[in-house]
Every structure is written in C-alpha cells, then in structure tokens.
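Read the structure below first, then the notes.
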Amino acid sequence: MSQFDNFPKNQPQSMQMDVDVDKMKTIIGESGKSEINFKEDIWTHFTKDGEDKGIVHRRTLQKKCRQVVKSHYPYVKLVISRHWTDKEEKILKNILDKMGEMDKITSEIDWKGVHSQFIEKVGRFDRDKKALQERYRNYIYHKVRLPGDRKKPVFTEDQIKSIIYYREKKEIGWKEISDKLNDSIDRQNEVNKAIDKNIELIPHCTAGQIKNKYSTEIKKGLYALAKAAELVEIEKKLEKMNVNYITI
Numbered sequence: 009m010s011q012f013d014n015f016p017k018n019q020p021q022s023m024q025m026d027v028d029v030d031k032m033k034t035i036i037g038e039s040g041k042s043e044i045n046f047k048e049d050i051w052t053h054f055t056k057d058g059e060d061k062g063i064v065h066r067r068t069l070q071k072k073c074r075q076v077v078k079s080h081y082p083y084v085k086l087v088i089s090r091h092w093t094d095k096e097e098k099i100l101k102n103i104l105d106k107m108g109e110m111d112k113i114t115s116e117i118d119w120k121g122v123h124s125q126f127i128e129k130v131g132r133f134d135r136d137k138k139a140l141q142e143r144y145r146n147y148i149y150h151k152v153r154l155p156g157d158r159k160k161p162v163f164t165e166d167q168i169k170s171i172i173y174y175r176e177k178k179e180i181g182w183k184e185i186s187d188k189l190n191d192s193i194d195r196q197n198e199v200n201k202a203i204d205k206n207i208e209l210i211p212h213c214t215a216g217q218i219k220n221k222y223s224t225e226i227k228k229g230l231y232a233l234a235k236a237a238e239l240v241e242i243e244k245k246l247e248k249m250n251v252n253y254i255t256i
C-alpha cells in the first residue's frame, strides 16, 4: 500500500462553523457605506481584542460576507483586500529602519510595535500584523529579491521532492517548509561565497512560491512519480543526514 493512501488529496479544510449573519447584516446596514472593507469594517467586529482565529475562520467570514452583500446589499461594494501602495511600503520600511528591526528574520521583529506605528501613520486599520509580516517576508526582507529584480525560483529535484514529502506528511505548513528550504539555501550560499566572493547569491523562496510549485507539480504529474517511488528513499536520506530537510 502506498504511504500516500492515508493522506487526503488536496481536500480543502472544512468551512463548517457558525457565523452570526444577523450581526454581519447589522454592521453593513448601519454603516451607511457604499463600500465596505472586509478587514476594517467586518473582521474587527468578529475578533476578540484583535485575536486572529486563523485562516479558515477568516475565509469563512469572507465567504459569508460575500453572500450577505450579494443577497441583501447589492448596491454595496465589498473590498476583501487592497494592493499595497508604494507609500504604504515606504512607511513600513521607515518604521522598521527607525526601530532597528530591518533585515531581522520575521520572528525576531516586534510586530506589535511596528503595527501600532504603521496604523498611526497611514490612518487606516485594514492592515493587521499578519499583513505587515507577509509584506516584509515576501517583498522587503533582504534575502528575497524585490519584484522588479525577482526571478522565478528554480527548484532542484530534491527540493521539489522535499516539498511534496512534507506537504503529504501534513506535519508542517507552507511557511515551515519554506523555512527549511531557505536554511538549506543559506548554507549553500555560504559555500558558494567561500568559493567565489562575486558569485550571485541564491534568493530565498517564499511560502507562496512553494505552494505554487507544489500545485504545478501535482498538475503535471510529478505527484504520480513521487507516489510511485513511495518517497521511501527521501525518508531514508533524511534520516541518514540526520537533518529535517534535504540540502541543495
């Protein structure tokens, strides 16, 4: 029996949870707005003291909010999220610089303090701490190339198999998988730099890029290849190397 037979194949998480629809209708109706921002006008009323209950809860609320607006307030425009402006990113960078947080890894940054200053400067409440973290991790952090210079990451065969392996084991999420691959990239960069100081460093890969790569490989059949191989060799290699990821 394949070790994959015990894992669900790309099934979405259950969205079955109670949502106070009457409360949502009241918020939208009493706002008197022709444009409702989900984060600013809805999300803040369904979280306690700014506590984020997770992506499933958020997506459930978004889905229900769309249904409520479509059925009861067709004249209202619902904005789920906004694109980052150059001004917003500049403000975030300035705050990180002044606080001495720039170039730190995401987990070491005082995001509560950063978020407080960010909200004060932009005068809006639709960017939560998680949004600031993701913007920093995916676009500002010095080990990730900026959009104008960023190249599509080229994953090695071992990296692709690692992504599939960890995803199917369902022990860690996309961010944790990217952290493991980026640790490997950092070590490879150190080796490359020791050999040639002028060599171009390999950029980090983001959680989103890894998720996209996983989806792409599944669609084009590499999943079947990995399944046929049972991934036993990968697991043995991991144990032999005595590390939690496959190096480049």
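Just so you know, we're using this note's numbering here: the sequence shown kicks off at 9 and counts up by one.
Glycine included, every Cβ here is placed at the ideal spot set by N, Cα and C.
Note that the structure is predicted; figures quoted are calculated from it, not measured.
Expressed to the nearest angstrom, what Euclidean distance is found between the alpha-carbon atoms of residue 177 and residue 171? Each residue's alpha carbon lies about 10 Å from the other.
Could you compute how far the alpha carbon of residue 116 sits from the alpha carbon of residue 83? Computed Cα separation, rounded: 44 Å.
query: Hey, how far is the Cα of residue 182 from the Cα of residue 191?
result: Using only the alpha carbons, I get a separation of about 14 Å.
Margin query: I'd like to know whether the C-beta atoms of residue 209 and residue 197 end up nearer to each other than 8 Å.
Written below: The Cβ atoms of residue 209 and residue 197 lie closer than 8 Å to each other.
What residues in its chain sit with their C-beta under 7 Å from that of residue 154, if we drop five residues either side in the sequence?
-> Here residue 154 scores only 48 on pLDDT, less than 50, and its place in the model should not be relied on; the value that follows carries that caveat. Cβ neighbours of residue 154 beyond the five flanking positions: 147.
- prompt: How would you write the range of the beta strand (DSSP E) that residue 189 sits in, first residue to last?
  reply: Residue 189 -> not in any beta strand (DSSP E); alpha helix (DSSP H) instead, spanning 182-203.
From 179, 104 and 31, residue whose alpha carbon lies closest to that of residue 150: When 179, 104 and 31 are compared, the shortest CA-CA separation from residue 150 is found for 104.
Between residue 55 and residue 207, what straight-line distance do the alpha-carbon atoms span, to the nearest angstrom?
Approximately 48 Å between the Cα atoms of the pair.
Checklist entry - Between the stretch 84-104 and the stretch 41-54, are three or more C-beta pairs nearer than 8 Å? => result Yes: the two stretches touch, three or more of their Cβ pairs being nearer than 8 Å.
Is residue 223 buried or exposed, if buried means 16 or more other CB atoms sit within 10 Å of its CB? Exposed, because fewer than 16 other Cβ atoms sit within 10 Å of the Cβ of residue 223.
Thinking just about the alpha-carbon of each residue, which of 215, 127 and 169 is nearest to the one in residue 97?
The option with the nearest alpha carbon to residue 97 is 127.
**Message:** So for residue 206, helix, strand or coil by DSSP?
**Reply:** Residue 206 falls in the coil class under three-state DSSP.
task = Grab me the residues of residue 140's own chain with a C-beta within less than 8 Å of its C-beta, minus the 5 sequence neighbours each way, in chain order.
result = Correct list, in chain order: 100, 119, 122, 123 and 126.
Simplified DSSP state of residue 154, which is helix, strand or coil: Note that residue 154 has pLDDT 48, beneath the 50 cutoff, so the model's placement of it is unreliable and the number below is only indicative. In the structure shown, residue 154 sits in coil (DSSP, three-state: anything other than H, G, I, E or B).
Would DSSP call residue 41 helix, strand or coil? Residue 41: coil per DSSP, three-state reduction.
>> If the criterion is Cβ atoms closer than 8 Å, does the pair residue 145 and residue 114 meet it?
In response: For residue 145 and residue 114, yes; Cβs fall inside 8 Å.
- Query: Given a threshold of 16 other Cβ atoms within 10 Å of its Cβ, counted over all protein chains shown, does residue 175 qualify as buried or as exposed?
  - Reply: Around the Cβ of residue 175, a 10 Å sphere holds 16 or more other Cβ atoms; the residue is buried.
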